[in-house]
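Heads up: the structure comes next, in structure tokens.
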Amino acid sequence: MLALQYIGHSAFYISNSQAGILIDPFISGNPKSVFDINSAKITDIFVTHGHSDHLGDAIPFSKEFNASVFAVFELANYCMSKGAKAHGVNMGGKIKFPWGSARFLPAFHSSSTPEGGYAGMPAAILFEIDGVKIYHAGDTCLNCEMKTAGEIYKPDIALLPVGSNYTMDIDEAITAAKWLEAKHVIPMHYDTFDLIKADTNDFKTKIEMLGKKCTIMRPGETITIK
Ligand code: NI
Ligand code: MN
Numbered sequence: 180m181l182a183l184q185y186i187g188h189s190a191f192y193i194s195n196s197q198a199g200i201l202i203d204p205f206i207s208g209n210p211k212s213v214f215d216i217n218s219a220k221i222t223d224i225f226v227t228h229g230h231s232d233h234l235g236d237a238i239p240f241s242k243e244f245n246a247s248v249f250a251v252f253e254l255a256n257y258c259m260s261k262g263a264k265a266h267g268v269n270m271g272g273k274i275k276f277p278w279g280s281a282r283f284l285p286a287f288h289s290s291s292t293p294e295g296g297y298a299g300m301p302a303a304i305l306f307e308i309d310g311v312k313i314y315h316a317g318d319t320c321l322n323c324e325m326k327t328a329g330e331i332y333k334p335d336i337a338l339l340p341v342g343s344n345y346t347m348d349i350d351e352a353i354t355a356a357k358w359l360e361a362k363h364v365i366p367m368h369y370d371t372f373d374l375i376k377a378d379t380n381d382f383k384t385k386i387e388m389l390g391k392k393c394t395i396m397r398p399g400e401t402i403t404i405k
């Protein structure tokens, strides 16, 4: 069974019998997140960029669960400097795992460490697990790299930010869903703060008008993918 849990903000947990993959684990600093860390198995941690609402608990969890943090080179080095296990990659880098693969792709945003240092480029990450391709857009505006990702990789599921201010908004995310050619879309990066409030029911209606599936997930909710 392949399951996808929404933790809140841009944090997700993907699991099957082998893997427990944590993405952008902004948990202890986010009062709206829901995740039972004690009953989860954590094998790998992915971080799209260095902002604290994405790096989150990656460093302490790496130490606690002896799991590597996979991130862009400079951010991985930062994690290692803080005592975490980390593996640095850059755009286009594909990492193979017993459970599948992850490829880092461009996002248009900024990225810095919690101290304001350079953290390399921000990323989107394309996961392939149990034959399912899941695209986590990270923080980004609408950008035509998504057309390339759609043409070449054809993700099955797209996790897209919709909250605006720091990322694209609902209307841009609808175009992103089209360009990515994703059949199933899940919004993220909204309602955590007042600045990123979004009407996800409007988003769902518009995504469904494209003939695509849209799931609005509550923090803590899990869906079975396969
Ligand atoms: Ni950010
Ligand atoms: Mn963010």
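Residues in the sequence shown are numbered consecutively from 180, following the working numbering.
For each residue, glycine too, the CB sits at the ideal point set by N, CA and C.
For clarity, every value in this text was computed on a predicted model and none was experimentally measured.
What residues match up with residue 248 in a beta bridge as DSSP calls it?
Along the sequence shown, read from residue 1 onward, the residue named residue 248 stands at position 69. According to DSSP, residue 248 bridges with 224 and 265.
Helix, strand or coil: which one does DSSP assign to residue 368?
If you number the sequence shown from 1, residue 368 lands on position 189. If DSSP states are grouped into helix, strand and coil, residue 368 belongs with coil.
Where does residue 233 sit, in a helix, a strand or coil, going by DSSP?
Numbered from 1 along the sequence shown, position 54 holds the residue referred to as residue 233. In this structure, residue 233 counts as helix in the three-state DSSP scheme.
Determine which residues share a DSSP beta bridge with residue 311 and list them.
One-based indexing of the sequence shown puts residue 311 at position 132. According to DSSP, residue 311 bridges with 308.
Within the present structure, is the beta-carbon of residue 318 separated from the nearest heavy atom of ligand 1 by less than 7 Å?
Residue numbering aside, residue 318 sits at position 139 when the sequence shown is read from its first letter. It does: the Cβ of residue 318 is within 7 Å (strictly closer) of some heavy atom of ligand 1.
Output yes or no for whether 8 Å exceeds the beta carbon distance between residue 304 and residue 278.
In the sequence shown, residue 304 corresponds to position 125, counting from 1. In the sequence shown, residue 278 corresponds to position 99, counting from 1. No, the Cβ-Cβ distance between residue 304 and residue 278 is not below 8 Å.
Give me the Cα-Cα distance between residue 386 and residue 211, rounded to the nearest whole angstrom.
Stepping through the sequence shown from its first residue, residue 386 is reached at position 207. Stepping through the sequence shown from its first residue, residue 211 is reached at position 32. Roughly 25 Å between the two C-alpha positions.
For residue 288, is the beta carbon positioned less than 7 Å from some heavy atom of ligand 1?
Along the sequence shown, one-based indexing puts residue 288 at 109. Residue 288 Cβ: within cutoff of ligand 1.
With a threshold of 16 other CB atoms inside 10 Å of the CB of residue 354, please say whether the residue is buried or exposed.
Here residue 354 refers to the residue found at position 175 of the sequence shown. Exposed, since its Cβ has fewer than 16 Cβ neighbours within 10 Å.
Taking a contact to mean a Cβ-Cβ separation below 8 Å, would you say residue 251 touches residue 283 in this structure?
The sequence position of residue 251 within the sequence shown is 72, counting from 1. The sequence position of residue 283 within the sequence shown is 104, counting from 1. Closer than 8 Å, so yes.
Assuming residue 321 and residue 347 are in contact, meaning their beta carbons sit under 8 Å apart, how far apart are those beta carbons, in whole angstroms?
For the purposes of this step, residue 321 is identified with residue 142 of the sequence shown, where counting begins at 1. For the purposes of this step, residue 347 is identified with residue 168 of the sequence shown, where counting begins at 1. Contact holds; Cβ gap of about 5 Å.
Looking only at C-alpha atoms, which of 395, 364, 318 and 274 sits nearest to residue 291?
In the sequence shown, the residue the question calls residue 291 occupies position 112. For the residues 395, 364, 318 and 274, the minimum Cα distance to residue 291 belongs to 318.
Could you give the residue range of the alpha helix (DSSP H) that holds residue 349?
Start at 1 with the first residue of the sequence shown, and residue 349 comes out as number 170. Note, residue 349: alpha helix (DSSP H), 349 to 359.
Indicate whether residue 187 and residue 226 have their beta-carbon atoms separated by less than 8 Å.
Sequence index remark: in the sequence shown, residue 187 carries index 8 (1-based). Sequence index remark: in the sequence shown, residue 226 carries index 47 (1-based). Contact flag unset, no.
In terms of residues, what are the limits of the alpha helix (DSSP H) holding residue 331?
Residue numbering aside, residue 331 sits at position 152 when the sequence shown is read from its first letter. Residues 324 to 331.
Leaving out five residues before and five after residue 238 in sequence, what residues of the same chain have Cβ atoms less than 8 Å from its Cβ?
The count along the sequence shown starts at 1 and reaches residue 238 at position 59. Result list for residue 238: 248, 258, 261, 262 and 263, in chain order.
Return the CA-CA distance between residue 398 and residue 368, expressed in angstroms with no decimal places.
On the sequence shown, position 219 is the one that residue 398 refers to. On the sequence shown, position 189 is the one that residue 368 refers to. Taking the straight line joining both Cα atoms gives about 11 Å.
Could you tell me whether any non-hydrogen atom of ligand 2 is closer than 7 Å to the CB of residue 185?
Numbered from 1 along the sequence shown, position 6 holds the residue referred to as residue 185. No; taking the cut-off as 7 Å, the Cβ of residue 185 has no heavy atom of ligand 2 nearer than that.
Grab me the residues of residue 359's own chain with a C-beta within less than 7 Å of its C-beta, minus the 5 sequence neighbours each way, in chain order.
Counted from its first residue, the sequence shown places residue 359 at position 180. Around residue 359: 314, 325, 328, 329, 334 and 337.
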